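Below is one structure; the comments refer to it alone.
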Amino acid sequence: MKGMRNMADNTRAEPTAPHTKARHPHRERAIAHAVESWVGVFRRKLSAGELSWLPVVLVLAAVWITFQALNENFLSPRNLSNLSVDIVGTGLIAVGIVFVLLLGELDLSVGSISGLAAAVFAVLNVNNGVPEWLALIIAVFAGTVTGAVQGFSFAKTRVPAFVVTLAGLLTWNGLMLYILGTSGTVNLDENGLVAKLTSHYFTNDAAAYGLATVGAGMVFLVSYQNRRRRRAVGMPHRSLGGIAVRAGGVAVIAFAAAYLLNRFQGLPLALLIFLVVVAGLDIALRHTHYGRQVYALGGGVEAARRASLSVTRVQTAVLAVSGTMAAVGGLFLASRITSVSTGSGSGVLLLNAIAAAVIGGTSLFGGRGTTWSAVLGILVIQSIASGMAITDTPVAVQFIITGGVLFAAVVIDSLSRHSQEAHGRA
Amino acid sequence: MPAPPLLALHGVCKRFGVVEVLSDIELKIHAGQVVALLGDNGAGKSTLVKAISGVAPADKGVIKWEGRPVHIKRPHDARDLGIATVYQDLALCGNLDVVGNLFLGREIRRFGFLDEVEMERRTRHLLERLTRGIPDLRAPVVSLSSGQRQTVAIARSLLGDPRVLLLDEPTAALGFEQTTEVLDLVDHLRDRGVGVLLISHNMGDVKALADRAAVLRLGRNNGFFDVNTASQEQIISAVTGATENVPRRMAPQETGW
Ligand SMILES: Nc1ncnc2c1ncn2[C@@H]1O[C@H](COP(=O)(O)OP(=O)(O)O)[C@@H](O)[C@H]1O
Ligand SMILES: [Mg+2]
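From first to last, the protein sequence lines stand for chains Y and V. Per the numbering used here, the very first residue in the first sequence carries number 55; after that it's consecutive. Per the numbering used here, the very first residue in the second sequence carries number -17; after that it's consecutive.
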């Protein structure tokens, strides 16, 4: 906070400013203003959904505490480790959904695409002897292409994406059934590459701790580097304490998770891949030109167009991303049960993926959210499912509770949107 | 022979369905000149701005840039020529912050990633030139006041050092002090050789600032005035339609432009 005040002064005292002298009497007012704006920033963050992870973290804590009270095995290393693998398939699909939600659109085809990709892999590899790596690439690419086709149709026809992808849902599901043909169910190689995706663990303790160290270290280094650059040019920056708290918080969570995972079988490969993908796509969304365009389209297609953005290209790319993520997620889901059947990618998968993104804090109205919300959301959903299973609660109750959480998330999303706009009118 | 105007329109037409919103529009903007575009609500002023900025390209007519015919089919084309626009509806992305809006579509990159520090520094610099009350640069613009949003839109238009600036009612949401700041800025830009098309309903501002006034009425030209010599009554009666000026395409030498 002290830094902020100094900054307000510094910018005013900048030698390039022609009216330095004249502004001097305003210094006290400037300081008061800076403090005021700092309080404002916090309130803004609270209402503007920048702290949108807060409610979902509270919900997650409540879910964990409740189930731990009901059954002491819930927070056991074994259960948490299984949970961390169970979230990956649907979680990856939810990451793709986040991209589409950022546009203010919905992709209903991700379930079908995930099933299609799994079927493509199974039929190529198991039935036709194509090498696993090649079949894997083709399966993922199939997801990218189907997504891109839908994206291009959506962009060109201007039919809402949920309609285009509803047609896709049927089409890709039909295509999957056609590919699987009479075989119905295909069992994957238990020791193959795809099976390993969810069955391999890095049993060496160093792996989980190493990942935790790298994660927390990156957070610290990036924040610190950012602070240095901002300080060098005299701009408001985080205090060292703030950076330490932030990196420290990440470190505590990461090392606690690593400790638990190591008490079971170590770091699951699936979790490692999930976290790397989520972090990578988060950087792509929030720190690259491409990602900025995605957010801009969510803020207003017409405004983006007038800023010379290529709307068609971005819309196509976003649906291609969600198709790709659906295919990857589908392979992880197939890996978990080492088989692909006509039922792959159907059922509640689609709904869970969408619910995960929304529960995690990505706005249904577009333009707000990060890939990390998919992680938080799927954790909540899968924790409820796991807790229900462990306590022998009927599935009906699980649906009702998940539905309630989803409803609460939507209400919070809507409220925070209104509070932002009300703020603007003031 | 004098230098050709920076921007000239000849016979520009624009239809929406069966409605002809602009017919045979003539307009010229010279470097270092402020041209006021006047007209009643619905006269077609905003449509003309969008035709020039490539948002809703003209159906017919010629647009010349420094005497050469150019094609403006997309916002990109206008921007590449050096035309910047403040739209009446501002066209900001509400969810992006001030910095994000200013640099939308021309982000500064460092090692391939967005250089937020540099963009924020330049944003602050630009806004300090423009106004005293700088908004929170990291707040989503939807949470700013309408005056602040207008300031952001104006700042954005200045970013690429445009040669022609189209301002569609840029002071509509501003208070007295901010309006003065914007008008001072326009004055300053004129001195630096920028050509400005200013749409405003405030005759006082037009009189004080503009060199020329072009009047639109029902989608047609309804007179060109030298603001220094024409009386306010003359201009207003052209706006309201009390006088019908310039029935058809007008020879350039007549007006001395
Ligand atoms: N996209 C559009 N489709 C149909 N009619 C339009 C469209 N945009 C503007 N118009 C019509 O064109 C006329 C001129 O509008 P506009 O240029 O906004 O006027 P002004 O800015 O001078 O008030 C109005 O009658 C308006 O209804
Ligand atoms: Mg208008």
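For every residue, glycine included, the Cβ atom is placed at its ideal position computed from N, Cα and C. Note that the structure is a prediction, hence the values are computed from the model and not measured.
1) Leaving out the 5 sequence neighbours to the left and right, which residues in its chain are closer than 6 Å to S106 of chain Y when beta-carbon positions are compared?
2) So, for K75 of chain Y: in the same chain, excluding its five sequence neighbours on each side, which residues have a beta-carbon less than 6 Å away from its beta-carbon?
3) What residues from chain Y crowd round C75 of chain V, counting only those whose CB sits closer than 7 Å?
4) Give me the residue from V:V44, V:G129, V:D71 and V:V123 with the minimum Cα distance to E475 of chain Y.
5) One question on the structure: do G205 of chain Y and T370 of chain Y come within less than 8 Å of each other, judged by their Cβ atoms?
6) Any heavy atom of ligand 3 within a distance shorter than 7 Å of the CB on Q70 of chain V?
7) Given a threshold of 16 other Cβ atoms within 10 Å of its Cβ, counted over all protein chains shown, does D140 of chain Y qualify as buried or as exposed?
8) Against chain V, which members of the stretch 394 to 421 of chain Y pass a CB distance test of less than 8 Å?
9) Using a Cβ-Cβ cut-off of 8 Å, state whether S5 of chain V counts as contacting chain Y.
10) Would you call the stretch 3 to 12 of chain V and the stretch 191 to 208 of chain V touching, i.e. three or more CB-CB distances under 8 Å?
11) My assumption, with CB atoms under 8 Å, is that F386 of chain Y sits in contact with V142 of chain Y. Please give the rounded CB distance.
12) Give the DSSP-derived three-state secondary structure of Y255 of chain Y in the structure shown.
13) Does any heavy atom of ligand 1 sit closer than 7 Å to the C-beta of G21 of chain V?
14) Under the rule that 16 or more other beta-carbon atoms within 10 Å means buried, what is N83 of chain V, buried or exposed?
15) On the CB-based measure, 16 or more other CB atoms within 10 Å of its CB, does T424 of chain Y come out buried or exposed?
16) Mind pulling the chain C residues with CB within less than 9 Å of V464 of chain Y?
17) Are V348 of chain Y and L157 of chain Y touching if we call contact CB-CB under 8 Å?
18) Could you spell out the range, first to last residue, of the beta strand (DSSP E) harbouring F207 of chain V?
19) Between E89 of chain V and S398 of chain Y, what straight-line distance do the alpha-carbon atoms span, to the nearest angstrom?
20) Assuming A135 of chain V contacts L72 of chain V (C-beta within less than 8 Å), just tell me the rounded distance between them.
21) In terms of DSSP beta bridges, what is N241 of chain Y paired with?
22) What do you get for M230 of chain Y, buried or exposed, if any count of 16 or more other CB atoms within 10 angstroms of its CB means buried?
23) Using three-state DSSP, classify P144 of chain V as helix, strand or coil.
24) What does Q474 of chain Y reach in chain V if we use C-beta pairs closer than 7 Å?
25) Residues of chain Y with CB closer than 8 Å to the CB of V37 of chain V, please, in chain order.
26) Contact between the stretch 138 to 149 of chain V and the stretch 55 to 70 of chain V is defined here as three or more beta-carbon pairs at a separation below 8 Å; is this criterion met?
27) By DSSP's criteria, V16 of chain V is part of a beta bridge. Which residues make up the other side?
28) So what does DSSP say about R77 of chain Y, is it helix, strand or coil?
29) From the DSSP output, in three-state form, read off T113 of chain V for me.
30) Sorry if obvious, but does the Cβ on S35 of chain V come closer than 7 Å to a heavy atom of ligand 1?
31) Could you work out which residue in V:L191, V:K55 and V:W47 is closest to D41 of chain V when comparing CA atoms only?
32) If I follow the unbroken beta strand (DSSP E) through L146 of chain Y, where does it start and stop?
33) What are the partner residues of V52 of chain V, as DSSP defines its beta bridges?
34) Just to confirm the assignment, what range does the beta strand (DSSP E) spanning S427 of chain Y have?
35) By alpha-carbon positions, which one of Y:W426, Y:A462, Y:A361 and Y:V368 ends up nearest to G87 of chain V?
36) Decide if Q132 of chain V is buried, meaning its Cβ has at least 16 other Cβ atoms within 10 Å, or exposed.
Let me lay it out:
1) Reading the first sequence from its first residue, position 52 is the one you call residue 106 of chain Y. Hits under 6 Å: G415.
2) Residue mapping note: residue 75 of chain Y aligns to position 21 of the first sequence, counting from 1. Residue placement at K75 of chain Y is poorly supported in this model, since its pLDDT is 40, which falls under 50; the coordinates are not used for a value here.
3) As a first step, residue 75 of chain V must be located in the second sequence, where it is residue number 93. Those within 7 Å of C75 of chain V in chain Y are A350, G353, G354, A357 and A358.
4) Here residue 475 of chain Y is taken as the residue at index 421 of the first sequence, counted from 1. Looking at the Cα atoms, V:V123 is the closest of the given residues.
5) Position 151 of the first sequence, counting from 1, holds the residue named residue 205 of chain Y. Position 316 of the first sequence, counting from 1, holds the residue named residue 370 of chain Y. Cβ distance < 8 Å, so G205 of chain Y and T370 of chain Y count as in contact.
6) Looking for ligand 3 in the displayed structure turns up nothing; the ligands present are ligand 1 and ligand 2.
7) Counting from one through the first sequence, the residue named residue 140 of chain Y turns up at place 86. Looking at its Cβ environment, which holds 16 or more other Cβ atoms inside 10 Å, D140 of chain Y is buried.
8) G420 and G421
9) To locate residue 5 of chain V, count along the second sequence from 1; it is residue 23. No - not a single Cβ of chain Y is within 8 Å of the one on S5 of chain V.
10) Judged by pairs of C-beta atoms under 8 Å, the stretch 3 to 12 of chain V touches the stretch 191 to 208 of chain V, as three or more such pairs exist.
11) Walking along the first sequence from the start, residue 386 of chain Y turns up at place 332. Walking along the first sequence from the start, residue 142 of chain Y turns up at place 88. Contact between F386 of chain Y and V142 of chain Y holds, since their C-beta atoms are separated by about 5 Å, short of 8 Å.
12) Taking the first residue of the first sequence as 1, we reach residue 255 of chain Y at position 201. Three-state DSSP puts Y255 of chain Y in a strand.
13) Within the second sequence, numbered from 1, the residue matching residue 21 of chain V stands at position 39. For G21 of chain V, the distance from the CB to the nearest heavy atom of ligand 1 is below 7 Å.
14) Taking the first residue of the second sequence as position 1, residue 83 of chain V is located at position 101. N83 of chain V comes out buried.
15) Locating residue 424 of chain Y in the first sequence gives position 370, counting from the first residue. The residue is buried, with at least 16 neighbouring Cβ atoms inside 10 Å.
16) Note that chain C does not occur in the displayed structure, where the protein chains are Y and V.
17) What you label residue 348 of chain Y is simply residue 294 of the first sequence in a count that begins at 1. What you label residue 157 of chain Y is simply residue 103 of the first sequence in a count that begins at 1. In contact: V348 of chain Y and L157 of chain Y (Cβ atoms closer than 8 Å).
18) Stepping through the second sequence from its first residue, residue 207 of chain V is reached at position 225. That run of the beta strand (DSSP E) goes R202 to D208.
19) What you label residue 89 of chain V is simply residue 107 of the second sequence in a count that begins at 1. What you label residue 398 of chain Y is simply residue 344 of the first sequence in a count that begins at 1. Cα to Cα, the separation comes out at about 42 Å.
20) Walking along the second sequence from the start, residue 135 of chain V turns up at place 153. Walking along the second sequence from the start, residue 72 of chain V turns up at place 90. So it is a contact: roughly 4 Å between Cβ atoms.
21) Taking the first residue of the first sequence as position 1, residue 241 of chain Y is located at position 187. Paired residue(s): Y:S393.
22) Stepping through the first sequence from its first residue, residue 230 of chain Y is reached at position 176. The residue is buried, with at least 16 neighbouring Cβ atoms inside 10 Å.
23) Counting from one through the second sequence, the residue named residue 144 of chain V turns up at place 162. P144 of chain V falls in the coil class under three-state DSSP.
24) The residue labelled residue 474 of chain Y in the question sits at position 420 within the first sequence. By Cβ distance, chain V contributes P122, V124 and S125.
25) The count along the second sequence starts at 1 and reaches residue 37 of chain V at position 55. In chain order: R359 and R360.
26) yes
27) One-based indexing of the second sequence puts residue 16 of chain V at position 34. V16 of chain V is bridged to V:V178.
28) Taking the first sequence and counting its residues from 1, one reaches residue 77 of chain Y at position 23. The predicted position of R77 of chain Y is uncertain, since its pLDDT is 45 and thus under 50; a value taken from the coordinates is nonetheless stated next. Helix.
29) Mapped onto the second sequence, residue 113 of chain V falls at position 131. Looking at T113 of chain V - three-state DSSP - the assignment turns out to be coil, as it is neither helix nor strand.
30) Position 53 of the second sequence, counting from 1, holds the residue named residue 35 of chain V. No, Cβ of S35 of chain V sits at least 7 Å from all heavy atoms of ligand 1.
31) For the purposes of this step, residue 41 of chain V is taken as residue 59 along the second sequence, with counting starting at 1. Closest by alpha carbon: V:K55.
32) For the purposes of this step, residue 146 of chain Y is identified with residue 92 of the first sequence, where counting begins at 1. Note, L146 of chain Y: premise wrong, no beta strand (DSSP E); alpha helix (DSSP H) at P131 to L156.
33) Residue 52 of chain V sits at position 70 when you count from the first residue of the second sequence. Note: V52 of chain V sits in a beta bridge opposite V:I45.
34) Taking the first residue of the first sequence as position 1, residue 427 of chain Y is located at position 373. Run containing S427 of chain Y: none in the beta strand (DSSP E); it sits in the alpha helix (DSSP H), W426 to I444.
35) Taking the first residue of the second sequence as 1, we reach residue 87 of chain V at position 105. The option with the nearest alpha carbon to G87 of chain V is Y:A361.
36) As a first step, residue 132 of chain V must be located in the second sequence, where it is residue number 150. The residue in question, Q132 of chain V, is buried, as its Cβ has 16 or more Cβ neighbours within 10 Å.
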